[in-house]
Amino acid sequence: MSDKVILVDINDKIIGEIAKIEAHEKALLHRAVSVIIFNSKGQMLLQKRALNKYHSAGLWSNTACTHPFPGEDNKTAAQRRLKEEMGIHAEVFKIFDFIYHEKLDNGLTEHEFDHVYIGISDEPPQPDPNEVSDFDYFERNFLKNELSSSPKHYTVWFAILFDRVYDFIDQQHLRERLITYNQTS
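According to my numbering, the sequence shown is numbered sequentially starting from 57.
Take a look at the structure:
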């Protein structure tokens, strides 16, 4: 396990490595991965981050997230962290990436080039309590209302990627395809 993250430029070109905490202290752009899993009903699986996390503790977020290890590809990192955090193995595929820069309430700053992956699974989550304090499946409209009325209950990156994930699904007509795929596999 590495405590280093991959520093990148605005085109996601690798420019170096640095300790994870230092990247967040200095607000340096680094690579990240976010994973969102849906069940066969089309509900989004979220986790509530453990209270011992060094930032964004106790907030609801996407199914899993991580920083790829130096030398590790993004998809491998996504599947690794999904298994580590939630005990789920699922096929995932990348839908988009984005850069964000947000100051956190503990003095750290998120400045990430985030690669977003989605997948579908009905495998029961078995979360690691050191990473996850709770989890649940949510309907789209419920989350949309929650993000509007109670944004401080969610991680900054999840609030940014939420609409974009559903925009992608709607544009690609993926909801029906994902559910059909899951029922036939």
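Glycine included, C-beta positions come from ideal geometry on N, C-alpha and C.
- Pairing Val89 with Asn130 gives a Cβ-Cβ distance under 7 Å.
- Residue pairing by DSSP puts Met100 in a beta bridge opposite Phe94 and Phe194.
- In this structure, Met142 is the residue among Ala113, Arg136, Met142 and Thr132 with its C-alpha nearest to the C-alpha of Thr119.
- Here His80 is not bridged, per DSSP, to any residue.
- In the displayed model, Ile216 falls within a helix according to three-state DSSP.
- When Cβ pairs closer than 8 Å are counted between the two stretches, the region 88-106 is seen to touch the region 184-194, the count reaching three or more.
- Counted as a single uninterrupted DSSP element, the alpha helix (DSSP H) harbouring Glu140 occupies residues Asn130 to Met142.
- Three or more beta-carbon pairs separated by less than 8 Å link the region 150-169 to the region 68-83, which places the two stretches in contact.
- Secondary structure note for His171: its beta strand (DSSP E) is the uninterrupted segment Thr165 to Ile176.
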